[in-house]
Structure formats: structure tokens, C-alpha cells
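Asks: These protein sequence lines are chains W, B and V, in that order. Be aware that the first sequence starts at 0, since it is given in numbering that gives the first Met the number 0, and climbs by one per residue. Be aware that the second sequence starts at 0, since it is given in numbering that gives the first Met the number 0, and climbs by one per residue. Be aware that the third sequence starts at 0, since it is given in numbering that gives the first Met the number 0, and climbs by one per residue.
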Amino acid sequence: MIRILVLAAMGCVLLLPATAAQAQQQEGGEAIRGTIVQRPEEGDPVPVPGVDIAVTTGDGEDVGTVTTAEDGSYALELPGPGDYSATLVAETLPEDVQLTDPDRATLEFTIRPGQSRPLLYPLGEAESVGGRFAAFMSRALQLAVEGIKFGLIIAMTAVGLSLIFGTTGLVNFAHGELVTFGAIAAWIINVTFGVHFFLAAILAMGVGALAGGLLDRGLWAPLRRRGTGLIAMLVISIGLSILLRYSFLYFFGGRTRPYGQYAVQRAIEIGPIGIAPKDIIAIVLSLLVLVGVGLILQRTKIGKAMRAVADNRDLAESSGINVERVILFVWAFGAALATLGGVMLGLGEQVSWQMGFQLLLLMFAGVTLGGLGTAYGALLGSIVVGLFIQMSTLVISPELKNVGALLVLIFILLVRPQGILGQAERVG
Amino acid sequence: MPTDTWVDGVTPEPGVAKPDPILVVDGVTRRFGGLKAVDVEHVEFQRGAITALIGPNGAGKTTFFNLLTGFDRPDAGTWTFDGRRMAGMAAHKVARIGMVRTFQLTKALSRLTVMENMKLGATKQKGESFARALLPPLWRKQERGIEDRAADLLARFKLDNKRDDFAGTLSGGQRKLLEMARALMVQPDIVMLDEPMAGVNPALTQSLLGHVKDLRTQGMSVLFVEHDMDVVRDISDWVVVMAEGKIISEGTPDHIGQDRKVIDAYLGASHDAPTTPEEEQRQLAEAEAALDAETAEREQLQP
Amino acid sequence: MNWEFILGRSLSSAIGSDAAVFALAAIGLNLHFGYTGLLNFGQVAFMALGAYGLSVTVATLGLSLWWGIPIGLALSVTLALLLGLPTLRLRADYLAIVTIAASEIVRFVARSVSMRGVTGGSFGLSGFADEFYAVNPIPGGSYGFGVVQFSARALWVIAVAWGLVAIISLMVYVLMHSPWGRVLRSIREDEDAARSLGKNVYSYKMQSLVLGGLFGTIGGFMYAISQQSVQPDTYSTPVTFYCYAIIILGGTARVLGPVLGSMIFWGLLSFTDTALRQAVGAGYIPTAIMDGTQVGQSRFVLLGLGLMLLMIFRPQGILGDRREIALDAH
Ligand SMILES: Nc1ncnc2c1ncn2[C@@H]1O[C@H](COP(=O)(O)OP(=O)(O)OP(=O)(O)O)[C@@H](O)[C@H]1O
Ligand SMILES: [Mg+2]
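(1) Can you tell me whether residue 118/B is buried or exposed, with buried defined as 16 or more other CB within 10 angstroms of its CB?
(2) Roughly how many angstroms separate the alpha carbons of residue 321/W and residue 90/V, rounded to a whole number?
(3) Could you name the residues, in chain order, whose CB is less than 5 Å away from a heavy atom belonging to ligand 1?
(4) Go to residue 349/B, then tell me how far its alpha helix (DSSP H) extends in each direction, as first and last residue.
(5) For residue 185/V, which residues in chain B fall below 7 Å Cβ to Cβ?
(6) With hydrogens ignored, establish whether the beta-carbon of residue 193/B is closer than 7 Å to any heavy atom of ligand 2.
(7) How far does the alpha helix (DSSP H) with residue 197/W in it reach, from first residue to last?
(8) Can you give me the C-alpha to C-alpha distance between residue 170/W and residue 330/W, rounded to a whole angstrom?
(9) Work out the CA separation of residue 171/B and residue 164/W for me, nearest whole Å.
(10) With a cut-off of 8 Å, do at least 3 Cβ pairs link the region 218 to 229 of chain V to the region 47 to 64 of chain V?
(11) Do you know how far the Cα of residue 295/W is from the Cα of residue 339/W?
(12) Taking the beta strand (DSSP E) that residue 73/W belongs to, which residues open and close that run?
(13) Is the beta carbon of residue 350/W less than 8 Å from the beta carbon of residue 182/W?
(14) Tell me which residues of the region 361 to 382 of chain W have at least one Cβ-Cβ distance to chain V shorter than 8 Å, keeping chain order.
(15) Using DSSP bridges, identify the partner residues of residue 72/V.
(16) Where DSSP assigns a beta bridge to residue 197/B, which residues make up the other side?
(17) Residue 141/W: beta carbon under 7 Å from a heavy atom of ligand 2?
(18) Let me confirm a value: residue 187/B is counted as buried when at least 16 other C-beta atoms fall within 10 Å, else exposed. Which label applies?
(19) What span of residues does the alpha helix (DSSP H) with residue 386/W cover, start to end?
(20) Please compile the residues from chain W whose C-beta is within a distance smaller than 7 Å of the C-beta of residue 188/V.
(21) Does the Cβ of residue 240/B lie closer than 7 Å to at least one heavy atom of ligand 2?
(22) Considering Cα atoms alone, identify which of 150/V, 100/V and 180/V is closest to residue 134/B.
(23) State yes or no: is the C-beta of residue 224/B nearer than 7 Å to some heavy atom of ligand 2?
(24) Please check the pair residue 106/W and residue 333/W, which I expect to be a contact at CB under 8 Å, by giving their CB distance rounded to whole angstroms.
(25) Have a look at residue 297/W and residue 413/W and give me their C-alpha separation to the nearest angstrom.
(26) Taking beta-carbon pairs under 9 Å, can you tell me which members of the region 69 to 102 of chain V lie near chain W?
(27) Starting from residue 255/B, trace the alpha helix (DSSP H) both ways and give me its first and last residue.
(28) For residue 176/W, does the three-state DSSP call read helix, strand or coil?
(29) Looking at residue 142/W and residue 392/W, is the spacing between their C-beta atoms short of 8 Å?
(30) Residues of chain W with CB under 7 Å from residue 307/V, in chain order?
(31) State the start and end residues of the unbroken alpha helix (DSSP H) segment that holds residue 254/W.
(32) Which one or two residues does DSSP pair with residue 359/V in a beta bridge?
(33) Is the distance from the Cβ of residue 26/B to the Cβ of residue 75/B below 8 Å?
(34) Consult DSSP for residue 108/V and reduce its assignment to one of helix, strand or coil.
(35) Just reading off the alpha helix (DSSP H) that residue 298/V is part of, what are its end residues?
(36) Would you mind reading off the limits of the alpha helix (DSSP H) that contains residue 142/B?
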């Protein structure tokens with residue numbers, strides 16, 4: 000329902016240029032004009048006649064009131080260019096119709112000389128209290144699904160971050176760039192070389208793993224051998240992050256670009272929520288991958304070795320584990336996962352040069368929430384972060400959704416400093 | 000003060016009362032998950048005495064130190080120092096009222112010079128408040144006094160030739176010395192040393208032991224963790240034995256050497272009860288060998 | 000290639016107001032990171048509070064510019080307390096994450112539509128610095144030599160900003176040679192050791208956080224005044240990273256490290272920019288490889304690379320002591 004209305008609103012926006020063009024042709028003075036229609040869930044828009052729109056100047060002086068005609072249209076000449084405010088008088092709407100956003104009953108706008116400006120008042124079916132509750136619930140459900148999807152993407156990228164921290168102590172500020180790198184690699188394979196998206200994603204994971212491995216062998220392993228301090232390595236990772244990010248900008252450009260397939264997809268309805276098939280696939284795939292990660296960590300030799308090294312490096316070394324090899328694997332593994340996360344993010348929001356950097360903070364939040372260095376903690380923490388970010392838009396403005404998540408992060412650290420699954424450290 | 004006067008009147012059993020205790024601990028427990036690392040019902044430490052705290056690895060000695068000095072919080076329990084209730088007190092306040100500890104893994108402040116390390120130890124420094132720090136004349140004089148005291152201590156600990164080197168350049172043993180000297184800058188009533196001799200060479204150990212005995216002469220109380228039984232026998236007036244978090248035995252060094260429970264603790268509880276005096280002697284020897292081996296191993300592990 | 004122009008530009012940047020502003024912010028960060036070992040990744044938030052404290056006071060509240068200074072400083076102290084209270088007892092990495100989060104929160108909130116009436120939203124604020132320029136004692140005209148020329152207004156900002164740098168550097172020098180500074184450095188080395196010697200580590204960390212934050216805020220004042228406008232996206236995370244680059248370049252835990260670092264940083268940034276632009280303009284670099292917009296991007300690539308190489312091969316920076324860094328590895 001919400002989705003339909005949003006689509007309706009978008010439709011109106013698309014109509015705008017045409018109307019504006021018509022206005023240009025009109026000789027004569029300044030005016031407002033438009034059509035009040037209601038768009039039900041199914042079927043054609045229905046015009047709403049007899050609705051009053053009261054117009055005042057910016058200073059509050061009355062200009063006049065206009066009532067919509069049989070076809071829902073209205074037009075009102077204005078005394079001249081300047082600031083105006085127009086209010087749709089809600090009482091004049093039919094019983095079963097209401098503004099989708101009651102806050103937008105009054106619109107404020109500026110009229111340029113000669114401009115005839117269309118106004119937009121999206122209408123929906125009036126809802127009973129119960130109906131409103133149902134709408135709230137379905138919106139909550141919808142956001143929960145989106146939150147899980149987002150959380151799974153964060154989780155996929157954060158597992159590597161957490162494992163790298165666990166095994167080497169490095170807080171890798173360049174991890175976001177691994178995500179971007181993966182997404183761009185997949186884009187190049189997909190769009191430039193014309194390989195189908197699925198295959199491109201898999202190939203990109205290989206490329207990502209290779210890049211991760213090379214980074215470790217070429218940069219981090221030598222630094223560890225030199226005995227570079229952890230803080231120094233952290234700063235080096237910041238340098239690497241800047242270097243890579245602006246290289247992406249240099250070569251890939253500042254525009255966002257979609258993948259060749261599945262860029263736009265119509266949502267299908269499942270009960271009260273609408274979801275694009277690609278999102279269903281993304282969620283299922285992420286779940287499978289993360290279960291796979293769990294199995295690898297839990298069952299395979301290399302997975303056990305990874306956990307052993309993360310747990311206690313010296314002990315692992317003395318019990319015959321080749322720590323450097325394990326770390327190499329962690330890098331390749333983490334980078335492949337970051338790539339996949341990047342590809343999925345790019346599928347939803349397109350590929351851009353700083354998509355990973357923008358995700359970095361949320362990865363940190365997820366990893367910290369779960370407890371630094373524990374892979375499962377990172378999974379859990381990330382999903383909590385993703386869910387929280389999306390769900391918080393129920394109550395706060397979407398542009399502030401990350402603020403909410405970050406505040407919660409700070410709050411949780413207050414209550415449980417070691418994170419959800421972390422352990423307290425020993426002293427002495 | 001002759002060491003053994005008070006010892007004679009005290010029955011060697013866990014939790015026994017001391018004539019003039021400086022530190023009294025009651026019901027202190029600390030769990031890590033399922034593990035009860037410390038579970039001390041009652042123990043008292045005599046003022047002006049050197050008390051050794053011994054026990055197998057993982058017995059909970061360091062954790063016990065952490066709890067007493069405010070570096071960790073117990074799940075339950077209370078303790079008093081000089082009659083003051085201490086539970087819940089922050090670590091820095093514990094140090095300020097005269098209870099100072101050192102760490103098993105030395106914490107030399109690497110990028111401060113040896114002298115700066117020492118000067119840091121002094122308490123009640125005027126120049127440590129932000130506002131006064133901005134006006135050097137307010138603290139210069141006190142600083143000079145502190146420096147003199149630090150120089151004296153450094154000379155006693157044979158570190159005076161290192162005074163302007165970064166502490167990070169010191170050897171493992173020298174760090175132990177520095178840490179002990181630095182703790183003394185606080186002018187504490189009780190020092191708690193976590194394995195002060197580990198990794199220090201035998202000659203230096205002797206002089207360190209001398210310093211510890213000096214502390215007692217100056218009226219300080221000393222509580223120290225040690226694995227080397229020779230050292231324990233040499234300097235301690237009293238020994239407290241911990242195993243699996245509990246105080247299992249107390250007594251003079253000689254008494255502890257004979258205690259069955261101690262031997263069991265070191266060899267593992269599955270050990271059979273000895274039947275003959277010879278058998279018992281053999282097992283005692285075994286226990287000591289085990290202790291010595293452990294000591295040797297620890298020394299090797301030190302950097 | 001006009002080398003006189005290129006070098007002149009680089010020199011102007013090295014002694015310009017931006018260099019002074021970043022020196023101020025970096026001195027604060029040096030106090031946090033270099034001396035106390037606090038991983039503050041939100042220094043830019045303190046700058047933002049300075050800039051917004053000033054501009055909101057004038058442009059939104061209609062008060063005098065001079066009121067903006069105590070307001071900005073009070074905001075800065077509040078932020079430091081809010082950040083420090085929960086995190087200063089925790090591991091160093093937590094402060095890093097919380098501060099970086101806080102700096103983004105500040106930016107998100109400042110640019111949000113709901114705050115448009117206060118902060119101007121994503122457009123920011125402008126036209127609040129007149130009172131500062133009104134008290135300019137320097138008579139109008141142009142000052143300088145050769146290509147390095149400053150207007151009287153620019154010179155006034157530069158003089159005030161570098162004057163503040165000098166006063167604050169002196170203050171840091173005195174502090175760091177006092178027992179107070181010794182406690183800060185001991186906390187950087189090992190806070191448990193400091194605690195075992197009776198130092199209230201938490202309180203000192205808080206003092207360091209507040210003081211360094213205030214220096215950042217003062218930098219923010221000067222940034223807003225020199226640009227005569229405030230925009231939220233100017234105050235994003237990379238600014239903090241540049242401050243790190245600056246102190247590492249100059250030498251961490253050196254009183255003049257951030258000052259020298261900032262001058263070199265801005266000089267080099269300007270040098271690569273003008274030199275590359277001229278090279279592209281003169282056709283030495285074909286536009287197929289690099290065009291005008293890519294010049295700006297490539298200098299950040301170089302910046303990242305420079306930061307890495309510096310940290311790997313000369314971690315002590317220009318003024319640092321190799322011996323000290325060698326001890327860091329443990
Ligand atoms: N922070 C912690 N988290 C979990 N377990 C801990 C922690 N600190 C100590 N322990 C456990 O508590 C037990 C007691 O440790 P403690 O360090 O006190 O032993 P100790 O007697 O000092 O041993 P040692 O002689 O080897 O120094 C050990 O089993 C140890 O693994
Ligand atoms: Mg111990």
C-alpha cells in the first residue's frame with residue numbers, strides 16, 4: 000500500500016517537467032494549478048472535485064481560495080511573483096479520502112515571474128485507527144525485511160574485518176575499500192566484459208580473494224615481520240584506504256553505476272510486504288553464505304586454525320599451526336566475503352567509489368557490538384545494526400537513521416563494554 | 000624487629016588470626032565463567048612481615064592481587080587495609096592510601112626514561128594538576144626533591160647508570176628492578192610483588208632479596224608471589240598457599256615444606272597417600288623437584 | 000611550467016590560514032594520540048562544533064561573533080565529556096569507533112533538513128564573520144613578495160591563526176615538560192602501570208580529551224572565519240585522517256610536530272596540485288591519462304601513498320626520535 004503510494008508520488012514527479020513546459024507556453028501572469036486525484040490501490044486514479052485550496056502570500060495575506068472542478072483540476076491566478084503558501088482544506092475532502100502525509104497539507108513555494116506552478120497533494124484512502132495500525136505493522140515488517148537484508152550485507156563484510164582483527168590485531172580502516180573493490184571488479188566483469196551478473200559476482204569474489212591475499216603478502220606480512228606496531232599499522236591502513244578510495248574515483252569516476260542485470264526490478268507482494276526477487280535471492284544467498292562461513296569456522300581444519308589463532312596466537316603457533324598461512328587465508332577469505340557484500344550492496348544501491356567507505360562505520364559498529372575479534376559476534380552485531388538502522392526510520396527521519404544506530408552503539412558499549420559476545424580482558 | 004616473635008603464637012592453619020594484621024580478607028570470590036579463580040574465605044597478613052603467597056600455576060594468585068588492589072572486581076567479599084574497608088575502591092586510590100603492587104608481566108613505561116619512570120611513582124605531586132602544571136615555579140622545588148629521592152633508590156637498585164635511558168631498552172631483569180624501585184617511590188605501607196624474582200639472575204636475586212628484607216626493616220609489609228622455594232625459605236616470615244583459588248595452607252616456611260596438602264596441590268590430588276616415612280620423604284623431594292623445574296622453566300620463558 | 004608560480008603557490012599554502020587551522024586541530028590530536036595514546040578519530044567533530052558554534056551564534060541567534068567563542072568552547076567541552084564518559088574506561092579501539100561515530104553524528108545532524116532553521120542544513124551558513132574583519136588593524140592593500148601575496152583581510156586571518164598556534168604550542172610545551180605531561184605519557188605507555196602508581200588515569204584521559212578537543216574547536220573557529228562560511232560536508236571523517244597524516248609527518252609527541260607537519264602537508268598538496276595542473280595544461284601529461292578533475296583526485300592518491308610510506312619508512316616523522324619508535328613495536 001505504502002509502496003503503491005510512493006510509486007504514485009514518483010509518477011507525479013515524473014509528470015512535472017511536462018506540466019512545467021506547458022506553463023512556459025502560457026501567456027499571462029503567475030498562477031498555481033494542478034489536479035487533485037486519488038490513487039486507489041488498484042485501478043485508475045479518481046479525480047476529487049469540490050476540494051478547497053486556500054492561498055496566502057508569504058506574509059500571511061489572503062490571496063484567495065479555489066475549489067477543484069469535476070475533473071479534479073484547479074487553477075488560481077496570483078497577484079505577482081513572490082513567496083506563497085497554499086493549504087488544502089482537509090475538511091473539504093470526501094469521507095474516505097485523506098492526504099497521505101497530513102503535514103503536507105500546506106505547501107510553501109516561490110513563484111518566479113511568469114511561472115505557473117503545479118502543486119502536488121498525494122491522496123490516499125482514509126484509514127480507520129485499526130487500518131492505520133495495520134499500515135504501521137506492515138511498514139514495520141517491510142523495514143524489518145530490509146533491515147535483515149542490510150544487516151546480512153554488513154555481516155558479510157564485517158566477518159573479514161573481525162577475523163583480521165582477531166588474528167593480527169589490526170583495525171583495518173581499508174576494509175571498506177575491499178568492499179568497493181569487489182563491487183567495482185564485478186561491475187567491470189559484468190558491464191565492460193559483458194559477463195552475466197551471477198558469473199561476474201563469482202569471478203569478482205575470486206579477484207577479491209586474490210587482492211586480499213596479495214595485500215597480506217605484499218604489505219601486511221612484511222610489516223608484521225618488521226615488528227611494526229599495531230597503531231602504526233592502523234595508520235598505514237588509513238593511508239591505504241585514502242589511496243585506494245581516490246584511485247577508485249580516478250579510474251571509476253564519481254558517478255554511481257548499476258549492474259547490467261537486475262538493476263531495476265518490480266517488487267512482488269508477499270503478504271503485507273513488497274520485495275524484489277533479487278532481494279529475496281540476496282537474503283537467501285547471504286544466509287547460505289554465512290551458514291557456510293559458520294561451518295567453515297566450526298568444522299574445517301583451516302577454520303579451526305583461524306579461530307585458534309584469533310584466540311591465542313602464541314599458543315596456536317606453539318601447537319604447530321602455521322600462523323602466517325592462516326592469516327593469509329583470513330585475508331583472502333575476508334576479502335572474498337567483502338566482495339560479495341559489495342556486489343550485493345551494489346545490486347541494491349548501485350556501484351560507487353565510496354560505497355565501502357560509507358559502510359565502514361557500520362561494520363565497525365557491528366563488530367564492536369558483537370565483541371571485537373569474535374566472528375559470530377560480528378555476525379550478530381551486524382544484523383542488529385542493519386535491523387536497527389532500517390527499523391529506526393519508523394520513528395525518526397530516514398536521513399538520521401545512521402545517527403540512531405551510532406547512538407545505540409555508544410549506549411551498548413556503556414552497558415556491556417566487551418560487546419554482546421566478547422569477553423573481558425585480563426590484567427596483570 | 001626479630002622476625003619470629005609473633006610467629007610462635009600463631010597456629011599454622013588456613014585463615015588463622017595474626018596478632019597485628021595489616022590486611023584482612025573475608026569471603027572474596029571471583030569467577031571466570033564456570034571457573035572459580037579465587038575463593039578465599041578468610042586470611043590475614045601480618046604488619047611488618049614478609050609474607051609469601053605460593054601455589055601452582057593458575058592457582059589464582061595474580062587474580063587475588065588484582066582483586067585486592069582494585070584492578071579487578073570480586074563477585075563477593077570484603078577486605079580491610081589498616082582497618083579501612085577496601086571493597087569497590089578504585090585502583091589508583093588503593094595505591095594512594097599505601098598499598099602498591101607490581102605486575103607479573105613487567106610494565107616498564109618504555110618511552111619514558113628510567114628517571115621519569117621513577118618520578119612518576121611519587122604521590123601528591125603539585126605539578127600533576129593541570130592548572131599548576133602551567134606554572135613551573137609552583138612545582139620545581141618539589142620536583143627536585145623527588146628527583147633526589149629517585150636517584151637514591153636507583154643507586155640502591157644499581158640502575159643509576161641507566162637513569163636517562165628509555166625504560167624500553169632495559170633487560171627483563173632490569174625492568175623487574177625498575178618496577179620495584181618505582182613502586183617504592185610511592186612510599187607504601189604494603190608492597191605486593193607478583194613474582195619479583197622471575198627472570199632475574201641469581202646474583203641480582205640475592206641483592207633483590209636484600210632490598211626486600213630492607214623494606215621490612217623500614218617497617219613496610221611485603222606480600223609477594225614466588226615459585227622458587229629457596230627464595231621463599233630465605234626471606235619470608237610466613238607462607239600462604241593457594242590452590243584452585245582457595246587458601247589451603249598457612250605457616251612458617253619450614254612448616255609448609257612438610258604440609259601434605261601442599262604437596263598434593265603441587266602434584267595433583269590423585270596422588271596416593273604415602274605409607275612410610277621414607278615414601279613421604281621421596282614424595283617431598285619429588286614435589287620440590289617439580290617446583291624447581293617450574294622455576295627454571297619460568298626463568299627461561301622470561302625475555 | 001612556471002616554477003616560480005608553482006613554488007610561490009606552495010609557499011602561500013604552507014603559511015596560509017588552512018595550514019594554521021590544521022596545525023591547531025593537529026596539536027589537539029597530538030595531545031590525544033601522541034601524548035596520551037587516545038585514538039581519537041573524531042577530531043573533526045570538535046572543529047565542526049567550533050565552526051557551527053560561531054556561525055549559529057551569529058547567523059541564527061543574531062548574537063555577536065564574540066559570544067560564539069564561549070558557546071563553541073562550551074559545546075566542545077560537552078562533546079568531550081559525552082564521548083569520554085562511556086569510553087575512556089574501555090579499550091583504546093572503542094574510543095576510536097565511538098569518536099568516529101560521533102563525528103559523523105555531528106555532521107548528519109548539522110546537515111539534516113530538520114535542522115535547516117538552525118544550521119542551514121546541507122547549505123550551511125555564511126555571512127557571520129564580519130565582526131572579525133571589522134577589527135582588522137592592518138590597512139588595506141596587498142602584502143607579500145613575488146607570487147606570494149595576501150590581501151589585508153587574508154593577512155589578518157593568517158596572523159591571528161598563527162598567533163594562536165604559537166600560544167598553544169607554548170602551552171603544550173610547558174605542559175609536556177611538567178609532571179602533568181609525564182602522567183599523560185605514562186598513560187600512553189601503560190595505563191595499568193600509571194594506575195598502580197596512584198594516578199587517576201580516567202581523569203587525566205578526560206583532561207586530555209577536553210583540552211585537545213578545545214584546540215580542535217579553536218581551529219574550527221578560524222576555519223569558519225577564514226572561509227566565511229560553514230558547510231557540513233567540509234567537516235567529514237577524512238579531515239581527521241589528514242590531521243593524523245600531519246602529526247605523523249611532523250613527528251608524533253613532538254611539540255612542533257603538528258606545526259611543521261601542517262605546513263609541509265599543505266605545501267605539498269598545493270605543489271602537486273599546481274604542478275600537475277600545469278603539466279596537464281602544457282600537455283606534458285596527455286588528457287587521456289589525466290584531466291582537470293582527475294588532478295584533484297590524484298593528489299589524494301599521492302597523499303594516501305605518502306602517509307603509508309612515511310609510516311613504514313620514517314614512522315618518527317621529521318622531528319621524531321628513531322629510538323623512541325623502535326620501542327613502540329612491543
Ligand atoms: N580475565 C580472565 N578471564 C578468564 N580467565 C581468567 C582471567 N584471568 C585469570 N583467569 C583464570 O583464572 C585462573 C587463575 O589465574 P591467575 O593468573 O590468578 O593464576 P596464578 O596463580 O597467578 O598463576 P601463575 O603462577 O601461573 O601466575 C587461571 O585458570 C586463569 O586462566
Ligand atoms: Mg600469576
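Every residue, glycine too, gets a C-beta built ideally from N, C-alpha and C.
Replies: Based on what the coordinates show:
(1) Flag for residue 118/B reads buried.
(2) If you draw a straight line from the Cα of residue 321/W to the Cα of residue 90/V, it is about 29 Å long.
(3) Qualifying residues come out as 425/W, 31/B, 36/B, 56/B, 57/B, 58/B, 59/B, 60/B, 61/B and 62/B.
(4) Outside the displayed span of chain B (0 to 302) sits residue 349/B, for which this structure offers no information.
(5) Near residue 185/V (Cβ distances below 7 Å), the residues of chain B are 108, 111 and 119.
(6) Yes, the Cβ of residue 193/B comes within 7 Å of a heavy atom of ligand 2.
(7) Looking at the DSSP string, the run of the alpha helix (DSSP H) that includes residue 197/W is 196 to 214.
(8) Rounded to whole angstroms, residue 170/W to residue 330/W spans 13 Å at the Cα level.
(9) Looking at the two C-alpha atoms, the distance is approximately 29 Å.
(10) Look at the beta carbons and you see the region 218 to 229 of chain V touching the region 47 to 64 of chain V: at least three pairs across the two are nearer than 8 Å.
(11) Whole-angstrom Cα-Cα distance: 17 Å.
(12) It spans 72 to 76 - the beta strand (DSSP E) in which residue 73/W sits, taken as one unbroken run.
(13) Taking a C-beta distance under 8 Å as the contact criterion, residue 350/W and residue 182/W qualify as a contact pair.
(14) Within the region 361 to 382 of chain W, 363, 364, 367 and 371 place their CB atoms closer than 8 Å to a CB of chain V, listed in sequence order.
(15) Paired residues: none, contrary to the question.
(16) Its beta-bridge partners do not exist; DSSP assigns none.
(17) Every heavy atom of ligand 2 is 7 Å or more from the Cβ of residue 141/W, so no.
(18) Classification of residue 187/B: buried, given that the 10 Å Cβ count is 16 or more.
(19) Run containing residue 386/W: 374 to 390, per the alpha helix (DSSP H) assignment.
(20) Per Cβ cutoff of 7 Å: no residues; residue 188/V is ~12 Å from chain W at best.
(21) Checking every heavy atom of ligand 2 against the Cβ of residue 240/B, none is found closer than 7 Å.
(22) Closest in C-alpha terms to residue 134/B, from the list 150/V, 100/V and 180/V, comes 180/V.
(23) With a threshold of 7 Å, the Cβ atom of residue 224/B counts as near ligand 2, since some heavy atom of the ligand is closer than that.
(24) About 50 Å; that fails the 8 Å criterion.
(25) Between residue 297/W and residue 413/W, the C-alpha separation is close to 31 Å.
(26) Residues of the region 69 to 102 of chain V with a C-beta less than 9 Å from any C-beta of chain W: 81, 82, 84, 85, 86, 88, 89, 90, 91, 92, 93, 95, 96, 97, 99, 100 and 101, listed in chain order.
(27) For residue 255/B, the enclosing alpha helix (DSSP H) starts and ends at 252 to 257.
(28) Three-state DSSP puts residue 176/W in a helix.
(29) The answer is yes: Cβ separation under 8 Å.
(30) Near residue 307/V (Cβ distances below 7 Å), the residues of chain W are 235, 238, 239 and 242.
(31) Run containing residue 254/W: none; DSSP gives neither H nor E here.
(32) The structure shown does not extend to residue 359/V, since chain V is modelled only from 0 to 329, so the question has no answer here.
(33) With respect to residue 75/B, residue 26/B sits close: the two C-beta atoms are nearer than 8 Å.
(34) Assignment of residue 108/V by DSSP, reduced to helix, strand and coil, places it in the helix class.
(35) Residues 291 to 312.
(36) That run of the alpha helix (DSSP H) goes 139 to 155.
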